[in-house]
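*Asks:*
Numbering (the numbering used here), first residue to last: 1 to 142.
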(Lines of atoms letter the chains of each structure in order from A and count residues from 1; the text may use other names and numbers.)
(Lines give C-alpha, C1' and ligand atoms only; values in the text may rest on other atoms or scores of the structure.)
Protein backbone atom coordinates (compact mmCIF):
# COMPACT_ATOMS: atom_id res chain seq x y z
CA UNK A 1 0.00 0.00 0.00
CA UNK A 2 1.27 3.43 -0.95
CA UNK A 3 0.38 6.49 1.12
CA UNK A 4 -0.13 9.63 -0.96
CA UNK A 5 -0.52 13.18 0.28
CA UNK A 6 -0.09 16.74 -0.91
CA UNK A 7 -0.85 20.33 -0.21
CA UNK A 8 -2.79 22.59 -2.59
CA UNK A 9 0.29 23.10 -4.78
CA UNK A 10 0.53 19.37 -5.43
CA UNK A 11 -3.16 18.58 -5.88
CA UNK A 12 -3.19 18.42 -9.70
CA UNK A 13 -0.06 16.28 -9.88
CA UNK A 14 -1.49 13.96 -7.24
CA UNK A 15 -4.47 13.31 -9.52
CA UNK A 16 -2.09 12.33 -12.35
CA UNK A 17 -0.16 10.04 -10.02
CA UNK A 18 -3.42 8.33 -9.06
CA UNK A 19 -4.05 7.61 -12.75
CA UNK A 20 -0.59 6.04 -13.00
CA UNK A 21 -1.11 3.94 -9.86
CA UNK A 22 -4.54 2.80 -11.06
CA UNK A 23 -3.18 1.87 -14.50
CA UNK A 24 -0.47 -0.25 -12.86
CA UNK A 25 -2.81 -1.92 -10.39
CA UNK A 26 -1.04 -0.42 -7.37
CA UNK A 27 -2.98 0.07 -4.15
CA UNK A 28 -2.83 3.45 -2.47
CA UNK A 29 -4.54 5.52 0.16
CA UNK A 30 -5.20 9.24 -0.27
CA UNK A 31 -4.28 11.29 2.80
CA UNK A 32 -5.36 14.59 1.28
CA UNK A 33 -5.62 17.37 0.47
CA UNK A 34 -8.80 16.97 -1.50
CA UNK A 35 -8.92 20.30 -3.34
CA UNK A 36 -6.76 23.21 -4.45
CA UNK A 37 -7.83 25.30 -1.44
CA UNK A 38 -4.85 26.69 0.46
CA UNK A 39 -3.64 24.35 3.21
CA UNK A 40 -0.51 23.50 5.19
CA UNK A 41 1.90 20.83 3.89
CA UNK A 42 3.08 19.67 7.36
CA UNK A 43 -0.38 18.21 8.00
CA UNK A 44 -0.10 15.88 5.00
CA UNK A 45 3.54 15.03 5.68
CA UNK A 46 2.44 13.95 9.15
CA UNK A 47 -0.45 11.82 7.90
CA UNK A 48 1.67 9.98 5.32
CA UNK A 49 4.61 9.55 7.70
CA UNK A 50 2.39 8.11 10.41
CA UNK A 51 0.78 5.70 7.94
CA UNK A 52 4.23 4.32 7.12
CA UNK A 53 5.43 4.25 10.71
CA UNK A 54 2.34 2.41 11.96
CA UNK A 55 2.62 -0.18 9.16
CA UNK A 56 -0.54 0.81 7.31
CA UNK A 57 1.52 1.61 4.19
CA UNK A 58 4.97 0.53 3.00
CA UNK A 59 5.97 3.64 1.05
CA UNK A 60 4.71 7.14 0.48
CA UNK A 61 4.53 9.91 -2.08
CA UNK A 62 4.29 13.53 -0.96
CA UNK A 63 3.81 16.54 -3.23
CA UNK A 64 4.00 20.28 -2.67
CA UNK A 65 5.08 23.16 -4.90
CA UNK A 66 8.81 22.44 -4.66
CA UNK A 67 8.95 19.18 -2.72
CA UNK A 68 11.24 20.88 -0.22
CA UNK A 69 8.88 21.87 2.58
CA UNK A 70 6.93 18.64 2.58
CA UNK A 71 10.12 16.54 2.62
CA UNK A 72 11.55 18.59 5.51
CA UNK A 73 8.32 18.09 7.45
CA UNK A 74 8.27 14.32 6.81
CA UNK A 75 11.89 13.90 7.82
CA UNK A 76 11.06 15.20 11.29
CA UNK A 77 9.60 11.75 12.08
CA UNK A 78 12.14 9.16 13.25
CA UNK A 79 12.13 6.24 10.83
CA UNK A 80 11.11 8.34 7.84
CA UNK A 81 13.57 8.89 5.03
CA UNK A 82 11.89 11.25 2.58
CA UNK A 83 13.80 12.23 -0.54
CA UNK A 84 12.92 15.17 -2.75
CA UNK A 85 13.73 13.90 -6.25
CA UNK A 86 13.79 15.85 -9.50
CA UNK A 87 14.97 13.05 -11.79
CA UNK A 88 15.07 9.28 -12.10
CA UNK A 89 18.72 8.99 -11.09
CA UNK A 90 17.92 10.58 -7.73
CA UNK A 91 14.91 8.29 -7.24
CA UNK A 92 16.95 5.20 -8.03
CA UNK A 93 19.89 6.24 -5.86
CA UNK A 94 17.77 7.13 -2.86
CA UNK A 95 16.06 3.75 -2.94
CA UNK A 96 19.30 1.79 -3.49
CA UNK A 97 21.49 3.73 -1.05
CA UNK A 98 19.15 5.33 1.51
CA UNK A 99 16.20 2.92 1.50
CA UNK A 100 14.01 6.03 1.27
CA UNK A 101 10.43 5.25 2.19
CA UNK A 102 8.86 8.50 0.93
CA UNK A 103 9.28 10.18 -2.44
CA UNK A 104 8.76 13.95 -2.38
CA UNK A 105 7.97 15.79 -5.58
CA UNK A 106 7.71 19.45 -6.49
CA UNK A 107 4.71 19.99 -8.74
CA UNK A 108 6.07 23.37 -9.82
CA UNK A 109 9.52 21.89 -10.50
CA UNK A 110 8.92 18.70 -12.50
CA UNK A 111 6.39 18.20 -15.26
CA UNK A 112 3.82 15.44 -15.18
CA UNK A 113 5.73 13.19 -17.59
CA UNK A 114 8.95 13.42 -15.60
CA UNK A 115 7.11 13.04 -12.30
CA UNK A 116 5.48 9.79 -13.43
CA UNK A 117 8.85 8.39 -14.54
CA UNK A 118 10.32 9.36 -11.16
CA UNK A 119 7.41 7.64 -9.36
CA UNK A 120 7.92 4.52 -11.49
CA UNK A 121 11.64 4.45 -10.71
CA UNK A 122 11.09 5.01 -6.98
CA UNK A 123 8.47 2.28 -6.70
CA UNK A 124 10.40 -0.27 -8.77
CA UNK A 125 13.86 0.13 -7.26
CA UNK A 126 14.88 -2.00 -4.30
CA UNK A 127 17.30 -1.20 -1.50
CA UNK A 128 20.76 -2.66 -2.20
CA UNK A 129 21.24 -4.13 1.30
CA UNK A 130 24.92 -3.23 0.98
CA UNK A 131 26.59 -3.14 4.40
CA UNK A 132 27.99 0.38 3.89
CA UNK A 133 24.51 1.74 3.14
CA UNK A 134 23.01 -0.12 6.10
CA UNK A 135 25.71 1.35 8.36
CA UNK A 136 24.91 4.86 7.16
CA UNK A 137 21.17 4.44 7.60
CA UNK A 138 21.76 3.16 11.12
CA UNK A 139 23.76 6.30 11.88
CA UNK A 140 20.91 8.46 10.59
CA UNK A 141 18.42 6.57 12.75
CA UNK A 142 20.56 7.07 15.87
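Positions of the beta carbon are idealized from the N, C-alpha and C atoms, including for glycine.
Quantities reported herein were computed from a predicted structural model and do not represent experimental measurements.
Out of curiosity, what's the CA-to-CA distance linking residue 89 and residue 82?
*Replies:* Using only the alpha carbons, I get a separation of about 15 angstroms.
*Asks:* Contact between the segment 39-46 and the segment 4-15: three or more CB pairs below 8 angstroms?
*Replies:* Result yes; three or more Cβ-Cβ pairs closer than 8 angstroms.
*Asks:* Quick one: is residue 105 buried, meaning 16 or more other Cβ sit within 10 Å of its Cβ, or exposed?
*Replies:* Classification for residue 105: buried.
*Asks:* Starting from residue 84 and walking both ways along the alpha helix (DSSP H), at which residues does that stretch end?
*Replies:* Run containing residue 84: none in the alpha helix (DSSP H); it sits in the beta strand (DSSP E), 82-84.
*Asks:* Note the first and the last residue of the continuous beta strand (DSSP E) segment covering residue 59.
*Replies:* 59-64 is the span of the beta strand (DSSP E), which, as asked, contains residue 59.
*Asks:* Alpha carbon to alpha carbon, how far is residue 55 from residue 37? Give it in angstroms, no decimals.
*Replies:* Between residue 37 and residue 55, the C-alpha separation is close to 30 angstroms.
*Asks:* Return the bridge partner residues of residue 4 from the DSSP annotation.
*Replies:* DSSP lists 30 and 61 as partners of residue 4.
*Asks:* Three-state secondary structure (DSSP) at residue 93?
*Replies:* Helix at residue 93.
*Asks:* Provide the residue(s) that pair with residue 106 in DSSP beta bridges, ordered along the chain.
*Replies:* Answer is 64.
*Asks:* Residue 100: which of 62, 110 and 13 sits nearest, CA to CA?
*Replies:* Here the closest residue by C-alpha is 62.
*Asks:* Exposed or buried, residue 35, counting other C-beta atoms within 10 Å across all chains shown (16 or more means buried)?
*Replies:* Result: exposed.
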